[in-house]
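J.:
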Amino acid sequence: MCFGAGHSSQHYGREQHFPVRQTGGFGARGCGRPMGGGLGGAGYGRGGMGRNRALSIRSNKGGSSSTSPVTRKGFSFSSLRGSIQPELSRRLYRLIKSTNTLISAHESAGKERVAIATQLSEWGEQTGDEAVSDVSDKVGVVLSEIGEQEDSYAHALDDARARLKAIRNTERSVQPSRDHKDKIADEIQRLKLREPQSTRIVTLEHELVRAEAENLVAEAQLSNITRKNLKEAYDAEFAAVIERAEKQILLAKHGRRLLALIDEEPVTPGDRRRPYTHGAQARQILNDAEEDLKNWVLQLDEPAVPSGGAYEDTIPSEGESAVTAHSTMASEAAGSSPRASGDRDRRTETTGQEAYPSTESTDIYDVVCVGGGPAGLSLLTALRANPVTAGLRVALVEAQDLQKLRSWKLPPDRYSNRCSSLTPASANFLNGIGAWEHVDRERVQPYHEMQVWDGVSDARIEFDWAPGSRGGKTIAYMIENLNLTSGLIRRLDELGNTTIFDSARVENITSGEETEELDLREWPIVHLAGGKQLAARLLVGADGANSPVRTFAEIPSRGWDYERHGVVATLELEGEGWDGDNAKVAYQRFLPTGPVAMLPLPGNLSTLVWSTTPSNAALLKSLSAKDFIALVNAAFRLSPVDLEFMHTTPSGQQEELTWRLQHTPVNSHAVPQTVVGVQEGTVASFPLKLRHADTYIGERVALVGDAAHTIHPLAGQGLNQGQGDVESLARTIEYAASHGQDVGTRMSLEPYNSERYAANHVLLGVCDKLHKLYSVGGGPLVPLRSLGLNAVNAMRPVKQFLMNQAAGNGVKLF
Ligand SMILES: Cc1cc2nc3c(=O)[nH]c(=O)nc-3n(C[C@H](O)[C@H](O)[C@H](O)COP(=O)(O)OP(=O)(O)OC[C@H]3O[C@@H](n4cnc5c(N)ncnc54)[C@H](O)[C@@H]3O)c2cc1C
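Be aware that the sequence shown starts at 922, since it is given in our numbering, and climbs by one per residue.
So, in structure tokens, the structure goes:
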């Protein structure tokens, strides 16, 4: 048994339960804080509030509060100017420090009590008076428990202090937006005095309006955080005061019962004292005390809300509504004007800004995204393009040189070999965040029909829109990945306010620490090569299949390798397609080794994605251009047996194809036009695998794109899934920011996880099953699956459903 429910169990020495002597086991439950200070003359318990009570302890308590700038209601541009904020921040810092001293004082007091309790018990034992000995020991137990209450109280104060620190952290992070605004205002004043005709004045005035708006959002957020945390901090403190007081009163009452067991009747010299017979009673008193502590519950009445509504004054006044409507939407740390910093890796800020607030070695951001592929760039663009999240301080870390991406350009007749089929849903999303117009659309090819067939049985499914709808419905858009990412980075540059570390590899990710200024213990810290450290309220892993962020978050990723490689190449066809440039078709044939797909690019070009065995892939990459072309043409025309044979020779495929085609009837319009060329240097291969992370979120971590899942490319869905993730995560962040939530907590991120995990899981499963179903060259599955394909082809509603899956919402963007 131990004394005091909810406390750590301790053994109190000589008697079974409670004696305090000889134990050395009474140390206060330290929490690692340095001890120091003490109650000193702080006046605790002195005088009290009853006498000489003042209605305010402020030094200017006589003055009207309305004269104080910090008590002004609501926000106005002018109220936010001036230099009161840094002073305010310093005051809060001092308050937090003083609270720390107070905590140490209570810990100290608790320890002293425990030490005194032990001394009392040991002294009593030495007296040789049985009553004094027993009662002093048991009173020591009670005193010691009273000391423990001080320690628990100190812990509660520490929790309350953490809430004050949250206000201060937010306060600090708002400062850059204040400085930025003031700087512009000063510059305008300066110009008006010295160069009143300067055209820069108008530009600066526009900038000032924007900076003021951003600052208003940040200030409103700060106000919300301040109120919430202030309430929580002191609510916790008052609850702890009540608990400590009530438990100490309870203990004190039992202590007095113990004292009553000492018989005070004077003895005359020579008389013997009556023997002490209250040992059992004394033990019972301690049992009662223990029981009472165990049964003690905190009872708090809900404080009455003042009439008129507690939150009345947060309603924006007219004229402020547009901005204050967003007041809870932006980050707590919505400073949008970073301050310059000297040593950096390869770092660019997408507008001429100064760097963000930082501790000595760490820059602090709301969102740090590792990975500047399609997923990472889309996410940051989405956040920056949305006025609600535009105030978040965001950083991108990318191992590649993004300058090359910015200036990416190929001649009109040359195409990159990494292309993706982008669903209209993805294209629409990209359009919504303003990236689509930065994509080189001359190089994007929509297609309106898909031909998919079984290479063994020849069963076929045609995906096209109902008659009459052709031209109005796009199944998907073929786009080079680099065209997409280059459009995204240009849009991100245009939006500005993103700190970009490119050519910067993530070396390590650790958890932060608590310093005098900030408590970053729950925050991931991203360490870049060169020593730069970034603290992230939310760390997003858009860092591909081998995600270091996922590793840091210890999120397992499960799946298997397909033992297949995806061979890609840019092909030149004999023409622009059977129906010309306006009705392009995507072709995919399921072979026993894996599907081979030819997807249209502008003009007479197509991109190849051929999933095949690693040895076949190696052969394809080693062939001369003419034999490679022959094998690709054969893949869409010859039987799997013929094709298999053509993989057994290191050369001569062209001659083999010419000979075999003479004996193979082919409906030429059912297959792609003949390939006549392959662009130099475009044949490459990628190992294919299925992976799915157990979850997409952790505390202050979210995964998107290939970091969360990798899928077989047979349905061309990997990049689209990533776009779906990004859209969902951006929406989740927006919601959290607009409701004053911390965007990094697991609770805030949960809607993203639940929305995307299940959807991706289904798609991963379907593509995996399709791969397995069609990776069989013979046996009972072949007629069954062809039955499946023909059945699907015959059932227009099912077909429509499948097409809608592939195409998203089918909205046309061209
Ligand atoms: C053959 C093939 C064909 C495909 N076809 C299609 C298709 O038609 N349609 C489709 O939707 N999808 C397709 N996909 C899938 C698609 O290409 C991927 O899903 C998509 O590119 C993933 O994008 P991402 O941004 O999540 O990851 P990635 O593109 O892998 O980007 C990750 C980024 O993180 C960076 N990074 C990684 N580690 C670090 C580090 N330590 N420090 C700093 N930066 C780091 C990398 O440099 C990279 O830029 C295909 C895939 C293959 C293999």
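All C-beta atoms in this analysis are idealised placements derived from N, C-alpha and C, irrespective of residue type, glycine included.
Just to confirm, does G1496 get its C-beta within under 7 Å of one of the non-hydrogen atoms of ligand 1?
T.: No; taking the cut-off as 7 Å, the Cβ of G1496 has no heavy atom of ligand 1 nearer than that.
J.: Tell me A1456's beta-bridge partners as DSSP assigns them.
T.: In the DSSP output, where bridge partners are listed per residue, A1456 has I1285 and I1446.
J.: Restricting to Cα atoms, I'd like to know which of Y1508, L1078, Q1366 and I1446 is closest to S1019.
T.: The residue with the shortest Cα to Cα distance from S1019 is L1078.
J.: I'd like to know whether the C-beta atoms of L1544 and I1421 end up nearer to each other than 8 Å.
T.: Not closer than 8 Å, so no.
J.: Near G966, which residues of its chain fall below 8 Å by C-beta distance, leaving aside the five closest residues on each side in sequence?
T.: The predicted model places G966 with a pLDDT of 34, which falls under 50 and marks its position as unreliable; any figure quoted below should be read in that light. Excluding positions up to five away in sequence, the list is empty.
J.: Between the segment 1092 to 1105 and the segment 1158 to 1167, can you find at least three pairs of beta-carbon atoms closer than 8 Å?
T.: Flag = no, the segment 1158 to 1167 and the segment 1092 to 1105 do not touch.
J.: Let me confirm a value: Q1047 is counted as buried when at least 16 other C-beta atoms fall within 10 Å, else exposed. Which label applies?
T.: Classification for Q1047: exposed.
J.: Out of curiosity, what's the CA-to-CA distance linking Q1583 and C1340?
T.: Distance between the alpha carbons of Q1583 and C1340 is about 33 Å.
J.: For S1144, which beta-bridge partners are listed by DSSP?
T.: Answer by DSSP bridge pairing: none, since S1144 is not bridged.
J.: Write down the C-beta distance between A1303 and A1651 rounded to the nearest angstrom, noting that I regard them as a contact closer than 8 Å.
T.: That belief holds up - the Cβ atoms of A1303 and A1651 are roughly 4 Å apart, short of 8 Å.
J.: If contacts are defined as beta-carbon pairs under 8 Å, then V1289 and L1460 qualify, I think. What distance do you get, rounded to the angstrom?
T.: Contact flag correct, Cβ pair sits at about 5 Å.
J.: Closer than 6 Å by C-beta to T1631: which residues in its own chain qualify, once you throw out the five before and the five after it? Chain order, please.
T.: Counting only Cβ-Cβ distances below 6 Å, and skipping sequence neighbours, we find A1466, K1610 and R1612.
J.: Count the other CB atoms within 10 Å of the CB of M1567; is the residue buried (16 or more) or exposed (fewer)?
T.: Buried: at least 16 other Cβ atoms inside 10 Å.
J.: W1580 lies in the alpha helix (DSSP H); which residues open and close that run?
T.: Note, W1580: alpha helix (DSSP H), Q1574 to L1582.
J.: Within 10 Å of its beta-carbon, does N1503 have 16 or more other beta-carbons around it, so buried, or fewer, so exposed?
T.: Exposed, by the Cβ-count rule.
J.: Bridge partners for G1515 per DSSP, in chain order?
T.: Bridge partners of G1515: L1512.
J.: In whole angstroms, give me the CA-to-CA distance for E1620 and A1629.
T.: When rounded, the distance between both Cα atoms is 16 Å.
J.: Would you say the beta carbon of N1402 comes nearer than 7 Å to a heavy atom of ligand 1?
T.: Yes, Cβ of N1402 sits closer than 7 Å to a heavy atom of ligand 1.
J.: Ligand 1 and A1296: does the residue's C-beta get closer than 7 Å to at least one heavy atom of that ligand?
T.: Result yes, Cβ under 7 Å from ligand 1.
J.: I believe D1072 touches Y1197 by the beta-carbon criterion, under 8 Å. Please report the beta-carbon distance rounded to the nearest angstrom.
T.: So it is not a contact: roughly 33 Å between Cβ atoms.
J.: Evaluate E1363 with the Cβ neighbour count: other Cβ atoms within 10 Å of its Cβ, from every protein chain shown; 16 or more gives buried, anything less gives exposed.
T.: Under this definition E1363 is an exposed residue.
J.: Taking C-beta to C-beta, are A1680 and I1476 nearer than 8 Å?
T.: Cβ atoms of A1680 and I1476: not closer than 8 Å.
J.: Could you pull the DSSP bridge partners for K1149 from this structure?
T.: Answer by DSSP bridge pairing: none, since K1149 is not bridged.
J.: Output yes or no for whether 8 Å exceeds the beta carbon distance between L1326 and S1378.
T.: It is not a contact, given that the beta carbons lie outside the stated cut-off.
J.: Would you say the segment 1169 to 1189 touches the segment 1138 to 1149, given that touching needs at least three Cβ pairs under 8 Å?
T.: No, the segment 1169 to 1189 is not in contact with the segment 1138 to 1149.
J.: Tell me whether the segment 1028 to 1046 and the segment 1121 to 1131 touch, counting them as touching only if at least three CB pairs, one residue from each stretch, are closer than 8 Å.
T.: Flag = no, the segment 1028 to 1046 and the segment 1121 to 1131 do not touch.
J.: Determine the extent of the beta strand (DSSP E) in which Y1483 is found, giving its start and end residues.
T.: Taken as a continuous stretch (DSSP letters only), the beta strand (DSSP E) holding Y1483 covers S1478 to L1494.
J.: Thinking just about the alpha-carbon of each residue, which of I1354, R1667 and A1457 is nearest to the one in P1308?
T.: Checking every option, the nearest Cα to that of P1308 belongs to I1354.
J.: Going by the beta-carbon positions, is the gap between L1449 and V1427 smaller than 8 Å?
T.: Yes. Within cutoff.
J.: For a test of the three-state rule: what should DSSP assign to A1614, helix, strand or coil?
T.: A1614 falls in the strand class under three-state DSSP.
J.: Count the C-beta pairs between the segment 1506 to 1524 and the segment 1662 to 1672 that are closer than 8 Å, then say yes if the count reaches three, no if not.
T.: Contact between the segment 1506 to 1524 and the segment 1662 to 1672 is absent, because fewer than three Cβ pairs lie under 8 Å.
J.: Quick one: using the 10 Å Cβ neighbour count with 16 as the cut-off for buried, is S1328 buried or exposed?
T.: Result: exposed.
J.: Start and end of the alpha helix (DSSP H) containing A1397?
T.: Note, A1397: premise wrong, no alpha helix (DSSP H); beta strand (DSSP E) at A1397 to E1401.
J.: In chain order, what residues of the same chain lie with their CB nearer than 6 Å to the CB of E1676, ignoring the 5 residues before and after it?
T.: Around E1676: S1649.
J.: Have a look at the DSSP bridge pairing and note the partners of V888.
T.: Since the first and last residues shown for the chain are 922 and 1735, residue 888 lies out of range.
J.: If I follow the unbroken beta strand (DSSP E) through Q1366, where does it start and stop?
T.: Looking at the DSSP string, the run of the beta strand (DSSP E) that includes Q1366 is Q1366 to Y1368.
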